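Chemist: Structure below; questions to follow.
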């Protein structure tokens, strides 16, 4: 199997995250720079000394920028963005209250320290402290509104884009799989093997023709739905391996196991079929002595775990036009489009085996 396509898709996801972070920091700088300007003008207009006005405005900018950045990390850690909009209000209010209290305390401490150093002390009053706290709370609450509004708009747009991308991916996947399955080489081998079988075992040759027909029908029709039950996918994989068994005979040994609890769980169509095809084409076909293909489906910690092992060596990442790379990248993209961070896909060398592993966390 080739890992280059998987690496490419993963890198694209990383680039998207980096671009989103870049937009945040640009907006953060512009927003707090605007706040600094307003704070400076306000201090000057109320008659505060120029030096005090500049120094306190700079401190307000730095403390507001730092606290809001740390608060953003807290939001990401608590995964508030994943909550429905109506459940965000109270956490946002509490967050604004907490940050504004810290901000007010630090600002007032700095402000009175500056006045003390300049030997122009000013009496502390709770009314001034309350007014300052209200101002910082309003600023932080507006920051929350802007931050969450942006993300909800992004989520809505991403959802619409991903819907269209999923439709395009499904159509692209169908074309790629048809290229892989209805190409002259594949058809020549399959039909030639079946023709030879008709002279030896007519009933089995008929059965193989049925398998071939089912595989082709399945690959052309699967794009009608983004997910199907695992038992349907396993059935088509078994038919595919049955066809391969005619060509490789004793060189191909395979075993499919699945726990009963997994059979009705949903998976993207052709996922295991692509991995099984890669196992045979890029693994068993290159071993003179042949090898094994082991497919296992299990439920672990409320997650569907799919594993496809084959004897052989994992091909190094490289640029290729091979359908293997297209298929692997397509699996990764479809998993991300349908399940997001709740699904993972990996390719690795495990001793004498090449291991393809898919984990899909189930909704609770």
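In our numbering, the protein residues as written are 14 to 377.
Built from N, CA and C at the ideal position, the CB exists for glycine as well.
All figures in this text were calculated on a predicted structure; none of them were measured in a lab.
1) Quick check on the burial criterion: 16 or more other C-beta atoms within 10 angstroms. Buried or exposed for residue 139?
2) Contact defined as beta carbons within less than 8 Å: I believe residue 135 pairs with residue 128. What is the distance between those atoms, to the nearest angstrom?
3) What residue range is occupied by the uninterrupted beta strand (DSSP E) comprising residue 82?
4) In chain order, what residues of the same chain lie with their CB nearer than 6 Å to the CB of residue 375, ignoring the 5 residues before and after it?
5) Is the number of C-beta pairs between the region 262-269 and the region 213-233 that are closer than 8 Å three or more?
6) Have a look at residue 313 and residue 245 and give me their C-alpha separation to the nearest angstrom.
7) Using a 10 Å radius around the Cβ and a threshold of 16 neighbouring Cβ atoms, would you call residue 27 buried or exposed?
8) Could you compute how far the alpha carbon of residue 215 sits from the alpha carbon of residue 295?
9) With burial defined as no fewer than 16 other Cβ atoms inside 10 Å of the residue's Cβ, what is the status of residue 43: buried or exposed?
10) Could you tell me the boundaries of the alpha helix (DSSP H) in which residue 135 lies?
11) Assign residue 39 to one of three DSSP states: helix, strand, or coil.
12) Residue 322: which of 305, 328 and 311 sits nearest, CA to CA?
13) Of the choices 299, 363, 325 and 250, whose alpha-carbon is the least far from that of residue 308?
14) Between 72, 160, 30 and 147, which lies nearest to residue 41 when the distance is taken from Cα to Cα?
15) Could you check what DSSP says for residue 108 in three-state terms: helix, strand or coil?
16) Does the Cβ of residue 324 have 16 or more other Cβ atoms within 10 Å, making it buried, or fewer, making it exposed?
17) Does DSSP classify residue 247 as helix, strand or coil?
18) Does the distance from the CB of residue 368 to the CB of residue 320 come in under 8 Å?
19) For the alpha helix (DSSP H) containing residue 293, name the first residue and the last one.
20) Check each candidate in 341, 91, 263 and 242 and name the one with the smallest Cα separation from residue 276.
21) Quick test of your reading: residue 116 and residue 76, contact by CB under 8 Å. State the CB separation rounded to the nearest angstrom.
22) What number of angstroms, rounded off, separates the C-alpha of residue 286 from the C-alpha of residue 247?
23) Determine, using beta-carbon pairs with one atom in the region 101-111 and one in the region 143-156, whether at least three such pairs fall under 8 Å.
24) Span of the beta strand (DSSP E) holding residue 270?
25) Would you call the region 64-76 and the region 88-95 touching, i.e. three or more CB-CB distances under 8 Å?
26) In angstroms with no decimal places, state the Cα-to-Cα distance between residue 32 and residue 211.
27) If you measure between the beta carbons of residue 203 and residue 225, is that distance less than 8 Å?
28) CA-CA distance, residue 123 and residue 72?
29) Out of curiosity, what's the CA-to-CA distance linking residue 47 and residue 78?
30) Residue 303 by DSSP, collapsed to three states: which one?
31) Expressed to the nearest angstrom, what Euclidean distance is found between the alpha-carbon atoms of residue 358 and residue 272?
32) Compare the Cα-Cα distances from residue 366 to each of 344, 328 and 146 and report the closest residue.
33) Would you report the Cα separation of residue 30 and residue 360, rounded to the nearest angstrom?
34) Which word fits residue 347, buried or exposed, when buried means at least 16 other C-beta atoms lie within 10 angstroms of its C-beta?
35) Could you round the C-beta distance between residue 261 and residue 207 to whole angstroms and report it? I think they count as a contact, below 8 Å.
36) Should residue 163 be labelled buried (16 or more other beta-carbon atoms within 10 Å of its own) or exposed?
Modeler: Taking the definition as stated:
1) Taking the chain shown and counting its residues from 1, one reaches residue 139 at position 126. Around the C-beta of residue 139, fewer than 16 other C-beta atoms lie within 10 Å, and the residue is accordingly described as exposed.
2) To locate residue 135, count along the chain shown from 1; it is residue 122. To locate residue 128, count along the chain shown from 1; it is residue 115. Confirmed, Cβ separation roughly 5 Å.
3) To locate residue 82, count along the chain shown from 1; it is residue 69. Counting along the chain, residue 82 falls outside any beta strand (DSSP E), though it belongs to the alpha helix (DSSP H) covering 63-91.
4) Position 362 of the chain shown, counting from 1, holds the residue named residue 375. If we look at residue 375 and ignore the five residues flanking it on each side, its Cβ neighbours are 315.
5) no
6) For this step, residue 313 is matched to residue 300 along the chain shown. For this step, residue 245 is matched to residue 232 along the chain shown. Near 21 Å, if we compare the C-alpha coordinates of residue 245 and residue 313.
7) Along the chain shown, read from residue 1 onward, the residue named residue 27 stands at position 14. Residue 27 comes out exposed.
8) As a working mapping, residue 215 is identified with position 202 in the chain shown. As a working mapping, residue 295 is identified with position 282 in the chain shown. Their backbone Cα atoms lie some 30 Å apart in a straight line.
9) Residue mapping note: residue 43 aligns to position 30 of the chain shown, counting from 1. The residue in question, residue 43, is exposed, as its Cβ has fewer than 16 Cβ neighbours within 10 Å.
10) Reading the chain shown from its first residue, position 122 is the one you call residue 135. Here residue 135 belongs to no alpha helix (DSSP H), and DSSP marks it neither H nor E.
11) The residue given as residue 39 occupies position 26 in the chain shown. Here residue 39 sits in helix by DSSP.
12) Residue 322 sits at position 309 when you count from the first residue of the chain shown. By alpha-carbon distance to residue 322, the top candidate from 305, 328 and 311 is 305.
13) To locate residue 308, count along the chain shown from 1; it is residue 295. That would be 250, whose Cα lies nearest to the Cα of residue 308.
14) Taking the chain shown and counting its residues from 1, the one referred to as residue 41 is at position 28. Considering only alpha carbons, the answer is 160.
15) Within the chain shown, residue 108 is the residue found at index 95, counting from 1. In this structure, residue 108 counts as helix in the three-state DSSP scheme.
16) Here residue 324 corresponds to residue number 311 of the chain shown, with the count starting at 1. It is buried - the Cβ of residue 324 has at least 16 other Cβ atoms within 10 Å.
17) Counting from 1 along the chain shown, the entry for residue 247 is found at position 234. If DSSP states are grouped into helix, strand and coil, residue 247 belongs with the helices.
18) On the chain shown, position 355 is the one that residue 368 refers to. On the chain shown, position 307 is the one that residue 320 refers to. For the 8 Å CB-CB criterion, residue 368 and residue 320 form a contact.
19) On the chain shown, residue 293 is found 280 positions in, with the first residue counted as 1. Where residue 293 is concerned, the enclosing alpha helix (DSSP H) stretches over 284-295.
20) Position 263 of the chain shown, counting from 1, holds the residue named residue 276. Selected option, being the one with the closest Cα: 242.
21) Here residue 116 refers to the residue found at position 103 when the chain shown is read from its first residue. Here residue 76 refers to the residue found at position 63 when the chain shown is read from its first residue. About 6 Å separates the two Cβ atoms, so the contact holds.
22) The residue given as residue 286 occupies position 273 in the chain shown. The residue given as residue 247 occupies position 234 in the chain shown. If I take the Cα positions, the gap works out to 8 Å.
23) yes
24) As a working mapping, residue 270 is identified with position 257 in the chain shown. Here the beta strand (DSSP E) through residue 270 covers 265-271.
25) The answer is no - the region 88-95 does not touch the region 64-76, with fewer than three Cβ pairs under 8 Å.
26) For the purposes of this step, residue 32 is taken as residue 19 along the chain shown, with counting starting at 1. For the purposes of this step, residue 211 is taken as residue 198 along the chain shown, with counting starting at 1. Looking at the two C-alpha atoms, the distance is approximately 59 Å.
27) Here residue 203 is taken as the residue at index 190 of the chain shown, counted from 1. Here residue 225 is taken as the residue at index 212 of the chain shown, counted from 1. Yes, they are a contact pair.
28) Numbered from its first residue, the chain shown carries residue 123 at position 110. Numbered from its first residue, the chain shown carries residue 72 at position 59. Using only the alpha carbons, I get a separation of about 8 Å.
29) To locate residue 47, count along the chain shown from 1; it is residue 34. To locate residue 78, count along the chain shown from 1; it is residue 65. Taking the straight line from one Cα to the other gives about 12 Å.
30) Along the chain shown, one-based indexing puts residue 303 at 290. Looking at residue 303 - three-state DSSP - the assignment turns out to be coil, as it is neither helix nor strand.
31) Indexing the chain shown from 1 puts residue 358 at position 345. Indexing the chain shown from 1 puts residue 272 at position 259. One C-alpha to the other measures close to 20 Å.
32) Numbered from 1 along the chain shown, position 353 holds the residue referred to as residue 366. For residue 366, the nearest C-alpha among the options comes from 328.
33) Taking the first residue of the chain shown as position 1, residue 30 is located at position 17. Taking the first residue of the chain shown as position 1, residue 360 is located at position 347. Distance between the alpha carbons of residue 30 and residue 360: 23 Å.
34) If you number the chain shown from 1, residue 347 lands on position 334. With 16 or more other Cβ atoms inside 10 Å of its own Cβ, residue 347 counts as buried.
35) Mapped onto the chain shown, residue 261 falls at position 248. Mapped onto the chain shown, residue 207 falls at position 194. Wrong, their Cβ atoms sit about 14 Å apart, outside the cutoff.
36) Residue numbering aside, residue 163 sits at position 150 when the chain shown is read from its first letter. Residue 163 is exposed by the Cβ-count criterion.
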